[in-house]
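Inspection log for the structure reproduced underneath, given as structure tokens.
In the working numbering, the protein residues as written are 1407 to 1832.
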């Protein structure tokens, strides 16, 4: 029987969790698919602090013990395989990483502190050193992919900018996606986005008074506000432009956290759809962590402005933003503007599809357009779009249907079980 091949775009935690599980299955004697991971910038690049999205010094928002094997409760296979697999996966754990680097007791004695993003990236890179030959990581920039009757073709530029292509039985799209913006962003260094803010944080070190708008109401906005405050700029004024006119903190009780760790144990699928969406809004989207809120509580430089930004205009001496709220518009003036709105996975997907594949996807799924809402409602048990061959796995859009932890770092072990179960015959 021909060995199946899975192509994964991006070499972040989700891809590495898949590769670790593929390696562990192979080590216990299970026939596994080939796995090709295509990564533009390098393993865990977004976490290291040199590729955007973080400066590497921020602390991890989830417990590091929610690592690539967590929650170590594999149930997709036979009892014997599940037990052997959970034991084998511990080789890839955060705890084992600390033990192997002689730092475990020190970490415990310090109260199990959250690692920085850079330290988390170092752990992920160490995980990648343990992969079996069934996994291959290639430095490549994916340009597009097309869906055929029984396979997917992915085209990419290799490290020498030569055009290449590869055929696979399934495709996993990881990474945050494209930033969600409903207006054109001026090409001006005073207007920053999630992609370039961290690379240009040093530009805010100015002795002159400065007024800055941070647009957004989720964890990215919180991280950026904290980073700006930590600069210690004596004349800084910060406005958080929030569409809901408020900062909400994330629910982090046991009852909420367990839904992220294991949606099946928490009976996620028994909840009505409206209650699932309400849960995600309360605990993940548009909320700040409790730690961030505690730090921001004492920030006298921070003010909340209610509204959504519909336009950004730059002038020689200022940046203007048009803010809409309750059918009223106002123009506000700033020295710099930081756009910290969230990501759109559907547009990320659409940017890779050729026109024929876009139409094919819409027809097969019976949707008028490739948008996050209709796509998320069609995510199946293996985190792929139901009714579509070849399989297209979209874990970032699987939260509402399958469980909120699949979109973040909360249950990477279960994520890998779900996806790989479609490619392994036991």
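Note that CB positions come from ideal geometry on N, CA and C, so glycine has one too.
Distance check between residue 1514 and each of 1527, 1500 and 1524 places 1500 closest, using alpha-carbon atoms only. Here the alpha carbon of residue 1768 sits roughly 21 Å from the alpha carbon of residue 1561. Annotation note: the stretch 1522-1573 contains the following uninterrupted beta strand (DSSP E) runs of length 3 or greater, listed N- to C-terminal: 1541-1553 and 1558-1564. Counted as a single uninterrupted DSSP element, the beta strand (DSSP E) harbouring residue 1441 occupies residues 1440-1445. Look at residue 1639 here: in three-state DSSP terms it is coil, with no helix or strand label. Looking at the backbone, the Cα of residue 1444 and that of residue 1577 are separated by about 11 Å.
Residue 1718 sits close to residue 1589, with the two beta carbons spaced by under 8 Å. Scanning its chain for C-beta atoms nearer than 6 Å, with the 5 sequence neighbours on each side dropped, one finds around residue 1669 the residues 1809, in chain order. Take the alpha-carbon of residue 1758 and the one of residue 1541: they are about 23 Å apart. Between the alpha carbons of residue 1527 and residue 1451 lies a distance of about 8 Å. DSSP places residue 1730 in no alpha helix (DSSP H) but in the uninterrupted beta strand (DSSP E) bounded by 1725-1731. Between residue 1420 and residue 1439, the gap from beta carbon to beta carbon reaches 8 Å or more.
In chain order, 1447 and 1451 place their CB closer than 6 Å to the CB of residue 1457, counting only its own chain and leaving out the 5 sequence neighbours on each side. For the pair residue 1585 and residue 1625, the Cα-to-Cα distance works out to about 14 Å. DSSP places residue 1819 in the uninterrupted alpha helix (DSSP H) bounded by 1818-1826. Here the C-alpha atom of residue 1818 lies approximately 40 Å from the C-alpha atom of residue 1732. Three or more Cβ pairs drawn from the stretch 1414-1434 and the stretch 1472-1480 lie within less than 8 Å of each other, which places the two stretches in contact.
With contacts defined by Cβ atoms closer than 8 Å, residue 1750 and residue 1778 form a contacting pair. In this structure, residue 1621 sits away from residue 1725, with a CB-CB distance that is not shorter than 8 Å. Collapsing the DSSP output to three states places residue 1682 in a helix. Between the alpha carbons of residue 1508 and residue 1502 lies a gap of roughly 10 Å. Where residue 1430 is concerned, there is no enclosing beta strand (DSSP E), although the alpha helix (DSSP H) around it starts and stops at 1419-1433. In the DSSP assignment, residue 1716 falls within the beta strand (DSSP E) that extends over 1714-1720. DSSP places residue 1618 in the strand class (E or B) of the three-state scheme.
Residues 1424, 1578, 1788, 1789 and 1799 of the same chain have their beta carbon placed closer than 7 Å to that of residue 1825, with the five preceding and five following residues left out of the count. Around the beta carbon of residue 1575, 16 or more other beta carbons lie within 10 angstroms, which makes this residue buried.
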